[in-house]
Amino acid sequence: MPLELTLAIIALVLVAAALAFAAGLWTGHRRLRSRMDHLDGQVTNLNGNVRTLPERMAALTGQIQALDGQVSEIADAPLVARALDHPQRIALVLNPSKSGADTIRTLAEAAVAEAGLPQLTVYETTVEDPGAQMARDAIADGADVVMAAGGDGTVRFVAEELAGTDATLAIVPMGTGNLLARNLKLPLDDHRACINTAIHGAKREIDTVTIKLEGTNGEVTKNTSLVIAGAGIDAEVMGDTRDDLKAKAGWLAYGEAGMRHLPGQRKEISVSLDGGAPQRRKVRSVMVANCGELTAGMDFIPDARFDDGLLDVVLLSPRHVGDWVRIAAKTVTKSKHAIPVMETHQATRCRVVLHEPMTAQLDGDAIMEVTAIDARIKPDSLRVQTPATNVPDSAAAPAMRPEAAPEVHG
7 MPLELTLAII ALVLVAAALA FAAGLWTGHR RLRSRMDHLD GQVTNLNGNV RTLPERMAAL
67 TGQIQALDGQ VSEIADAPLV ARALDHPQRI ALVLNPSKSG ADTIRTLAEA AVAEAGLPQL
127 TVYETTVEDP GAQMARDAIA DGADVVMAAG GDGTVRFVAE ELAGTDATLA IVPMGTGNLL
187 ARNLKLPLDD HRACINTAIH GAKREIDTVT IKLEGTNGEV TKNTSLVIAG AGIDAEVMGD
247 TRDDLKAKAG WLAYGEAGMR HLPGQRKEIS VSLDGGAPQR RKVRSVMVAN CGELTAGMDF
307 IPDARFDDGL LDVVLLSPRH VGDWVRIAAK TVTKSKHAIP VMETHQATRC RVVLHEPMTA
367 QLDGDAIMEV TAIDARIKPD SLRVQTPATN VPDSAAAPAM RPEAAPEVHG
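Under the numbering used here, the first residue of the sequence shown carries the number 7, and numbering increases by one thereafter.
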């Protein structure tokens, strides 16, 4: 083949290769440019999204806050709040000797079942043990709320075991005085409502009083008082009230015993408040109160509050019937005017030395003769169930009278 033809063929091949390379390069450039344009569009969209992100986050935050508010409103609705706060397990410490005890058991079992709670556990008190071991057993078995169904003694023994624990005391009053139930403004004559309060009521914390009593033999016993403890004529009346008369006339039976014990001599005592110097007095009665309402709605100590962290110490020193009349008039009229024969003080601790032995009482139960009393307040040491007056009428939460709501004192 001539040399010229060979060179021509080589030249053509080189030209074709160059054209192919140029075409490939141009196609690659177009594809790259298209991809770059697409990427640029994505970057532009991303920048736009980034710029609007704060506004979108703000809108989302607003939606979350609105939803949170709606959830809070629902959760705060009385019936829903009660449902969310249902105690997991309820126990009943029952005094079987009280009239109507079987009815209380039946009502309580039905109310607990209706509320969808675990089966009610019932612990019956005995003559030897008015409720202490039963309350301990209820706590050990995991009770959140312990109903004390009985008189003031049953309530006091159960409360003594519950104080300082996470368990809550509920009361079904079945006694004559029902002193703590009165001060908590429970509907004393409506056992069904009291049981529903145990299940659906409002929890609150109250003070208790630790009482050390020194007997005539030198033995010291430690007790818990919820309402009023003391020594003197009040204890004598409590101890001498006829049971048959209480069954017939209720709290009026105390009046009959009081009339019999009205005559008498004052006895000398020494009183020390908050570790101060002892002060000598001659009294018919000395009382240490956590709250002050007695039977028949008498507000014996108007300033006493079971959530103020203070004891109210009352010294009664009447010498004759006229002085008793003055004390009665002051109590009935709720007068703030001080009278010499009824001395009141507030403290966190009180020690009383009795120069002559006196009969002592704890929350209306006469117990023994003592020569010394040492009382200390334990603030906010007991949880109790109180009527939930803000719950609308329903089968699960019957309406309570507005005046049945206990006062709240900061």
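Yeah, the Cβ is synthetic: ideal placement off N, Cα and C, and Gly gets one too.
Keep in mind it's a predicted model, so treat the numbers as computed, not measured.
As assigned by DSSP and simplified to three states, the class of PRO284: coil
Per the DSSP calculation, ASN229 is bridged to which residue(s)? ILE217
Identified DSSP bridge partners for GLY156: PRO179
According to DSSP, simplified to helix, strand and coil, what is ALA381? strand
So, using beta-carbon positions, are VAL376 and GLU242 closer together than 7 Å? The Cβ atoms of VAL376 and GLU242 lie no closer than 7 Å to each other.
Return the Cβ separation of ILE307 and THR365 in integer angstroms, given the expectation that the two are a contact with Cβ distance under 8 Å. With 8 Å as the limit, ILE307 and THR365 do not qualify as a contact, their Cβ atoms being about 20 Å apart.
Please classify SER291: is it buried, with 16 or more other beta-carbons within 10 angstroms of its beta-carbon, or exposed? So SER291 ends up on the buried side.
Exposed unless 16 or more other CB atoms sit within 10 angstroms - verdict on GLY328: exposed
Kindly give me the distance between the Cβ atoms of ALA204 and ALA176, rounded to whole angstroms, as I take these residues to be in contact under 8 Å. 3 Å
Pick from THR230, GLU299 and ALA381 that is closest to ASP280, judged by C-alpha positions: ALA381
Length of the line joining the Cα atoms of ILE275 and LYS340: 27 Å
For SER276, name the three-state secondary structure that DSSP assigns. strand
Within 10 angstroms of its Cβ, does PRO124 collect 16 or more other Cβ (buried), or is it exposed? exposed
Taking 7 Å as the threshold (C-beta atoms), are GLY75 and ASP371 in contact? no
Residue range of the unbroken alpha helix (DSSP H) whose run includes VAL133: Counting along the chain, VAL133 falls outside any alpha helix (DSSP H), and DSSP gives it neither H nor E.
Residues sharing a beta bridge with CYS356, DSSP: LEU279 and ALA381
Quick one: grab the DSSP three-state call for SER40. helix
Name, in chain order, the residues that DSSP records as bridge partners for VAL347. BP columns for VAL347 are empty, so no partner.
Proximity of ALA138 and ALA97 at Cβ, strictly below 7 Å: no
Only counting the same chain, and skipping five residues up and downstream in sequence, which positions put a Cβ closer than 7 Å to that of PRO385? So the list reads ASP213 and GLY315, once near-sequence residues are dropped.
Under 7 Å Cβ to Cβ from GLY170, same chain only, skipping five residues before and after it: list those, please. SER387
Considering only residues of the same chain and omitting the five flanking positions on each side of ILE234, which have a CB-CB separation below 6 Å? MET293 and ALA295
Span of the alpha helix (DSSP H) around ALA169: Here ALA169 belongs to no alpha helix (DSSP H), and DSSP marks it neither H nor E.
Using a Cβ-Cβ cutoff of less than 6 Å, which residues in the same chain neighbour VAL118 once the five nearest sequence positions on both sides are dropped? ILE96 and LEU126
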